[in-house]
Structure formats: structure tokens, C-alpha cells
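J.: Take a look at this one; I'll ask things after.
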Amino acid sequence: MTDLYGGKILRVDLTRGEVATVPTERYAPKFIGGRGFNARLLYEAVDASTDPLGPENIVGLSAGPLSGTLYPGCSRTDVMCKSPVTGYIGNASMGGDWSAELKHAGWDAVVLEGKAAKPVYVAIRNDRVEIRDAGELWGKQNYVVQDLIRSELGSPDAKIVSIGPAGENQVVYSTIHCNVGNAAARTGTGAVMGSKNCKAIACAARRGSRSPTPRRSWRRAWRLTRRSATPSTTRRSTPSA
Amino acid sequence: MNENVSATVVVVAEGAAPSHEYGRLTVDVEKCTGCRCCELACSLKNYGECNPSRARIYVVRSQVDGVITTIPVTCQQCEDPLCVAMCPAAALSRSAETHAVVVDPDKCLGCRTCVEVCPFGAPAVDPRTGKAEKCTLCDGEPTCVKVCSQQALTFVSAEEEGLYRKRSGVEKYLEHLRSVAAIDG
Chain Y
13 MTDLYGGKIL
23 RVDLTRGEVA
33 TVPTERYAPK
43 FIGGRGFNAR
53 LLYEAVDAST
63 DPLGPENIVG
73 LSAGPLSGTL
83 YPGCSRTDVM
93 CKSPVTGYIG
103 NASMGGDWSA
113 ELKHAGWDAV
123 VLEGKAAKPV
133 YVAIRNDRVE
143 IRDAGELWGK
153 QNYVVQDLIR
163 SELGSPDAKI
173 VSIGPAGENQ
183 VVYSTIHCNV
193 GNAAARTGTG
203 AVMGSKNCKA
213 IACAARRGSR
223 SPTPRRSWRR
233 AWRLTRRSAT
243 PSTTRRSTPS
253 A
Chain V
248 MNENVSATVV
258 VVAEGAAPSH
268 EYGRLTVDVE
278 KCTGCRCCEL
288 ACSLKNYGEC
298 NPSRARIYVV
308 RSQVDGVITT
318 IPVTCQQCED
328 PLCVAMCPAA
338 ALSRSAETHA
348 VVVDPDKCLG
358 CRTCVEVCPF
368 GAPAVDPRTG
378 KAEKCTLCDG
388 EPTCVKVCSQ
398 QALTFVSAEE
408 EGLYRKRSGV
418 EKYLEHLRSV
428 AAIDG
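Protein chains in written order, with our numbering: chain Y, 13 to 253; chain V, 248 to 432.
Here you go:
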């Protein structure tokens, strides 16, 4: 199963403006991507005394092992942090294509730590990670921000998760949005991202998975893809190749 | 279903298929949801990995002001292909069976001339093989068509191409005529 992972977890220290890489192998045998990685990362980072809207809290955004493969319905991003609503574990998951893009860039998860001195956004282009100024983007709503980031990066295909003005102002039920209409809406994840002065995470990559996928596995994926979206009357037979 | 009815297929003429009896990969832009399964299936079929950068079909995606539109782009198998005309090594040729333009990897120099002259950017020089790679229609059974859950991609014969569009284009008009006919009794 480790073949299905991108192989790296990205830790973004917003306080110091530094990024670090952690090998996925540290978590992969014991924890299954997405929610599993996030739960472990959060467990290592926070304790009972951590202020959910303080710099000690983290936001973990993780892709599952099947994200970015042909398996249908697997491109979900799991978001976890200490919730400002409850003070306990806060977990939300969103659809959209961001987690597939993250996996294709070679990453399994992004962890936001600390708090930036001024508004920033994170741009991931394959192995190249930048923390860029988001002064112009602060205060703007999600769809506008995403259009602006795409043109700023010169990458019309970039997939973006972002927060709107509610997240910036730490409204405790605010969301993190992925593209259009996909939101990590539970437990106030947007407020925690806003408390870190992080406006968005953009990801643009077309690298693909690391290793060849077993043929048997993708035939099963084909079958599922067709069944999941085709009315039974027009269902075609399974491809033979 | 009436079980007494049986059908007999009568072959009235046999011989070599005329040259226009080949399949065409057609795109129904309105049906594409942008799931990009075609990209992944293409790279799986040809290289055994989920890697959109090696796929020979590419879903162009545009998001402006919260509205997403997607159009799959692949080789149009032009009737008068620029890539074939311009290839200095004569590595590109028309396949007799599928009518697809195919690359001979032994002749290909990886010079990128085909990439530059193609109006759709369909061929690409694969960074790993160093050879031009393009859609070959999977020997007449395109994989992308098989995995397209919305039937946005279809593989139809050259004679049938456009029939669906013609029919759907006048569907509203037909509906109107039917309703008028119903009123008139």
C-alpha cells in the first residue's frame, strides 16, 4: 500500500516562514492516509492546554491512499485541527480535486503550523514550495481569491483551498473551500486557518503517482467508475484490456 | 419482448472495408464533468501508472468567478495532419487499420516539431522515453471512452459522427412539433 502514497508530508512553519519534509513512512504502516495521518499529526502537536486559535494549534490537510487514482469517489481531502467550537478534535473532509493534485505533486499531507506575521498563502508546484504574500488577497471572497492566485502563479490548472472573510475573522463555523462548492465545513477549520494568517494553499502538479499500479487493481477501479455513474440500463460490460 | 420474433442478418456484400469506415473519437463538451478519469485511464493503459502528465488526453479546465468548464482535448486525427507533413524523420504516419496518426519510436528524434506545429498540442515528447507520444486510439478501442462514465467521450464511425449533435440540436423543435400534433389530434 505504501506504493499508493506520494511519499512526503509537508510541514509549513508559518511563524518562521520555513518548510520541512517528513517521510510518509514514519506514519504509513500504522496509520492510513487522510484521517489516519491527520489524527496522529494532531495528537503529536497539541494537548489539552492548546488554544485552538493560537499558533500552537495545527491544521492538517491530508490525501488518502487512493486519492489521485482511478478509483471513484476517493479524491477527498481530510482536514483536522483542534476545534475552536468544541475545544476537542475537529475533523472535516471536503471533495474537489485538491487532494488528487497534492498526490500528483508527490505529497500526502500538508501541515500548517505557527502563525504568519502577515497574510500569506502557500504555493506548491511539485517539489517547489513557496510561502507567498497574500496582502492583496486578504479580505476577498473564495472564488475571487482563487482566480487571482491562478493568474498570479500563471497556472490556470492550479487547485486551490482557501478561506473567505469569515475564516479571516475567525468566525468559529467558517469553512475551508476547495474550488467551487466543496467545503470542509465542520468544526470551524476555516477559523483556525485564518488564525494562522494563511489565506490559501495552491497546488499545481502533473507528476503522477510514483510507481506502477497493478493491472488487477485498475481493472477493478474501471468497473467501479462505470458503475458509480452509469444508470443500470445503459451499463456497458467491463473493459477487457 | 416477443420471443417468436427472430432476426436474420443477411450480408449482401463482402470485401475490403471502404476507407471511411473507421472510428472517430468524439467529445460532447456539455456532458464532460471534468472527473479526469480519461487522463488516468490513458496513462494506466499506456504506461501502467496514474500519471496525468503522461496521458495522451488532457482535460482543459477553466474556473472563472466560481464557474468551472472543462473540455477534453486529444489528437483530432486530422485528415491533413501538420505533424505528419512537418516531421523531419518521417516518423509519423497514418495507420491503415484505425486511421490514427501513429509515431514510429524507432524513427522519432524527439525534436518536438510535431508538438509545435499541432494546433491542439496533442503530441508530447515524453520526458522518460524521449520520444513523441500521441493518441493511437488504442488500436481501435479507446480506453478513455470505456471509462467515461458520462459518455462525454464516444467512439463512433466516421459516417455517424455528428448525428447525435444534429438530433439533440433540434430536439426542442421536435418537441414543439409533437405537442402541436397532439393538440391538432
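Quick reminder that beta carbons are idealized off the backbone N, C-alpha and C, glycines included. Note that the structure is predicted; figures quoted are calculated from it, not measured.
So, is the C-beta of Val192 of chain Y closer than 7 Å to a C-beta in chain V?
T.: For Val192 of chain Y, the answer is yes, since a Cβ of chain V falls inside 7 Å of its Cβ.
J.: Pull the bridge partners of Phe367 of chain V from the DSSP assignment, please.
T.: DSSP lists no partner for Phe367 of chain V.
J.: Go ahead and pull the three-state DSSP assignment for Lys393 of chain V.
T.: Of the three classes helix, strand and coil, the one that applies to Lys393 of chain V here is helix, per DSSP.
J.: State the Cα-Cα distance for the pair Thr321 of chain V and Gly126 of chain Y, rounded to the nearest angstrom.
T.: Approximately 45 Å between the Cα atoms of the pair.
J.: Using the Cα positions of Ala371 of chain V and Ser340 of chain V, report the straight-line distance between them to the nearest angstrom.
T.: Computed Cα separation, rounded: 16 Å.
J.: So Arg23 of chain Y and Asp90 of chain Y are in contact, right, with Cβ under 8 Å, and what is the actual spacing, rounded?
T.: Actually they do not touch by this definition, with Cβ atoms about 17 Å apart.
J.: Tell me, which residues are paired with Ser174 of chain Y by DSSP?
T.: According to DSSP, Ser174 of chain Y bridges with Y:His189, Y:Ala212.
J.: Give a yes or no on contact between the segment 204 to 214 of chain Y and the segment 125 to 144 of chain Y, applying the rule of three or more CB pairs nearer than 8 Å.
T.: Yes, the segment 204 to 214 of chain Y is in contact with the segment 125 to 144 of chain Y.
J.: Which residues in chain Y have a C-beta closer than 9 Å to the C-beta of Asp312 of chain V? List them in chain order.
T.: By Cβ distance, chain Y contributes Tyr155, Val156, Asp159.
J.: If you reduce the DSSP assignment to three classes, tell me which class Asp120 of chain Y lands in.
T.: Correct three-state label for Asp120 of chain Y: strand.
J.: Helix, strand or coil: how does DSSP classify Ala51 of chain Y here?
T.: In the structure shown, Ala51 of chain Y sits in a helix (DSSP, three-state: H, G or I).
J.: Report the rounded CA-to-CA distance for Ala170 of chain Y versus Asp431 of chain V, giving the unit in angstroms.
T.: Their backbone Cα atoms lie some 56 Å apart in a straight line.
J.: Within the same chain, show all residues whose beta-carbon is closer than 8 Å to that of Pro168 of chain Y, passing over the 5 residues directly before and after it, in chain order.
T.: Contacts found: Arg162.
J.: Within the continuous alpha helix (DSSP H) that includes Val261 of chain Y, where are the two ends?
T.: A query on residue 261 of chain Y cannot be resolved here, the shown segment of chain Y reaching from 13 to 253 and no further.
J.: Compare the beta carbon distance of Ala347 of chain V and Thr383 of chain V with 7 Å and say whether it is the shorter of the two.
T.: Yes; because the gap between Cβ atoms is below 7 Å, this pair is in contact.
J.: Just the C-alpha distance for Arg412 of chain V and Asp275 of chain V, rounded to the nearest angstrom, thanks.
T.: Answer to the nearest angstrom: the Cα atoms are 9 Å apart.
J.: Count the other CB atoms within 10 Å of the CB of Ala129 of chain Y; is the residue buried (16 or more) or exposed (fewer)?
T.: Looking at its Cβ environment, which holds fewer than 16 other Cβ atoms inside 10 Å, Ala129 of chain Y is exposed.
J.: Alpha carbons only, please: which of Y:Asn138, Y:Asp139, Y:Arg137, Y:Leu160 is nearest the one belonging to Gly147 of chain Y?
T.: Of the listed residues, the one whose Cα sits closest to Gly147 of chain Y is Y:Leu160.
J.: Going by alpha carbons, who is nearest to Gln182 of chain Y out of Y:Asp15, Y:Ser95, Y:Ala104?
T.: Cα-wise, what sits closest to Gln182 of chain Y is Y:Ser95.
J.: Leaving out five residues on either side along the sequence, give the residues of the same chain with a beta carbon under 7 Å from the beta carbon of Gly377 of chain V.
T.: Cβ neighbours of Gly377 of chain V beyond the five flanking positions: Gly357.
J.: Flag this pair as yes or no: are the beta carbons of Cys355 of chain V and Ala338 of chain V separated by less than 7 Å?
T.: Contact: yes.
J.: Compare the beta carbon distance of Ala196 of chain Y and Ile188 of chain Y with 7 Å and say whether it is the shorter of the two.
T.: Contact: yes.
J.: Assign Ser374 of chain V to one of three DSSP states: helix, strand, or coil.
T.: The sequence shown places Pro at residue 374 of chain V, rather than the Ser named in the question. Pro374 of chain V falls in the coil class under three-state DSSP.
J.: Could you check which residue in V:Gln323, V:Cys385, V:Ala343 has the C-alpha nearest to that of Cys365 of chain V?
T.: Looking at the Cα atoms, V:Gln323 is the closest of the given residues.
J.: Go to Thr201 of chain Y, then tell me how far its alpha helix (DSSP H) extends in each direction, as first and last residue.
T.: Segment 201 to 207, the alpha helix (DSSP H) holding Thr201 of chain Y.
J.: Output yes if chain Y places a C-beta closer than 7 Å to the C-beta of Ile315 of chain V; else output no.
T.: Yes, contact with chain Y.
J.: Kindly indicate the opening and closing residues of the beta strand (DSSP E) around Tyr133 of chain Y.
T.: Note, Tyr133 of chain Y: beta strand (DSSP E), 132 to 137.
J.: Should Tyr17 of chain Y go down as buried or exposed, given a rule of 16 or more other Cβ atoms within 10 Å for buried?
T.: Burial call: buried.
J.: Name, please, each residue of chain V whose Cβ falls closer than 7 Å to the Cβ of Arg218 of chain Y.
T.: Going along chain V in sequence order, the residues near Arg218 of chain Y (Cβ under 7 Å) are Pro299, Ser300.
J.: Once the 5 residues before and after Asp139 of chain Y are set aside, which same chain residues still bring their CB inside 7 Å of it?
T.: Gly118.
J.: His116 of chain Y versus chain V: which residues are under 7 Å apart at the beta carbon?
T.: In chain order: Pro299.
J.: By Cβ distance, which residues of its chain are closer than 6 Å to Gly29 of chain Y, with the 5 residues on each side in sequence left out?
T.: Only Ile143 meet the Cβ criterion.
J.: Name the two residues that bound the continuous beta strand (DSSP E) containing Cys93 of chain Y.
T.: Counting along the chain, the beta strand (DSSP E) containing Cys93 of chain Y begins and ends at 89 to 94.
J.: Output, in chain order, the set of chain V residues within a Cβ distance shorter than 9 Å of Trp119 of chain Y.
T.: Chain V residues near Trp119 of chain Y: none, gap ~15 Å exceeds 9 Å.
J.: Tell me, please, which residues DSSP counts as bridged to Arg144 of chain Y.
T.: Partner(s): Y:Tyr133.
J.: Output yes if chain Y places a C-beta closer than 7 Å to the C-beta of Ser396 of chain V; else output no.
T.: Judged by the 7 Å Cβ criterion, Ser396 of chain V is in contact with chain Y.
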